[in-house]
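Engineer:
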Amino acid sequence: MREASAETWRDYTRHAFVEGLKDGTLPREAFLHYLRQDYVFLIHFSRAWALAVVKSETHDEMLTAVGTVNALVAEEMQLHVGICEAAGITQDELFATPERAENLAYTRFVLEAGYSGDLLDLLAALAPCVMGYGEIGSRLGAEATSDTYRDWIDTYAEGDYQSACQAVGDLLDSALTRRIGADFEASPRWDRLCHTFRTATELEVNFWQMGLTP
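My numbering puts the sequence shown at residues 614 to 827.
#1: Taking three-plus beta-carbon pairs below 8 Å as touching, is the segment 798-815 in contact with the segment 666-676?
#2: Is there a C-beta anywhere in chain C that falls below 8 Å from the one on Y719?
#3: By how many angstroms is the C-alpha of L645 removed from the C-alpha of A687?
#4: According to DSSP, is L736 part of a helix, a strand, or is it coil?
#5: Go ahead and pull the three-state DSSP assignment for D624.
#6: Report the residue from L736, I702, V743, H672 whose alpha carbon sits nearest the alpha carbon of L655.
#7: What span of residues does the alpha helix (DSSP H) with D783 cover, start to end?
#8: Taking the alpha-carbon positions, what's the M823 to A663 distance?
#9: Is the separation between the beta-carbon of Y769 and that of L634 shorter than 8 Å?
#10: Roughly how many whole angstroms lie between the Cα atoms of G695 and I793?
#11: Give the single residue among E748, L816, E616, A665 whose Cα lies nearest to the Cα of T681.
#12: Does DSSP put G680 in a helix, in a strand, or in coil?
#13: Under 8 Å by Cβ, that's how I've got T720 and H657 pegged, so tell me the actual separation to the nearest angstrom.
Next comes the structure, spelled out in structure tokens:
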């Protein structure tokens, strides 16, 4: 799926916002604006992963989905709360952040993929966020030339999040094999799943761009 979206994937994982995190040149106002929007995004993203429990066909699928929901709500969202509180933004203010159109478009696209399809359709829409942040975190963890955004970088570069990426990758592989078969790339569904993945990646690009325009 990543290879089928190569140019869009690069636009996402090498966006100017990401490069500003790497070298510390991203304006603090833009970062805090992004964090507030991303907190709202994660609320809906957690609901989408909860929907993955509903769409699961095995206990292992349910366990991975539940584990991801817990990681989002109990860990990743707390990163946003901590950084924003240090900047004088309370958790109540964070939760009440007005949702921008770019945010709404992305989250509702993911939820609709799950409502109208099966677990595969939902995972194709969920995967770009999970895997992309893992790739970005891993690269920035090694390449960052500034510690300005080190807390954010470390969250996605370190073991817990990287392990979550591995678990989601395993879930996607097993779900494809279970529902389509080992030769899933030859299935008529494959192009549609890749299209969903690419659309979600395009929405990630738009999300970074939104971050630059507080």
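Each residue gets a CB set at the ideal place from its N, CA and C atoms; glycine is no exception.
Structural biologist: So, from the listed chains and residues:
#1: Short answer: they don't touch.
#2: The structure shown contains no chain C; it holds only a single protein chain.
#3: L645 has its alpha-carbon roughly 20 Å from the corresponding atom of A687.
#4: helix
#5: Reduced to three states, the DSSP call for D624 is helix.
#6: V743
#7: 772-792
#8: Roughly 26 Å between the two C-alpha positions.
#9: With a cutoff of 8 Å on beta-carbon distance, Y769 and L634 are scored as not near each other.
#10: Their backbone Cα atoms lie some 42 Å apart in a straight line.
#11: A665
#12: helix
#13: 4 Å
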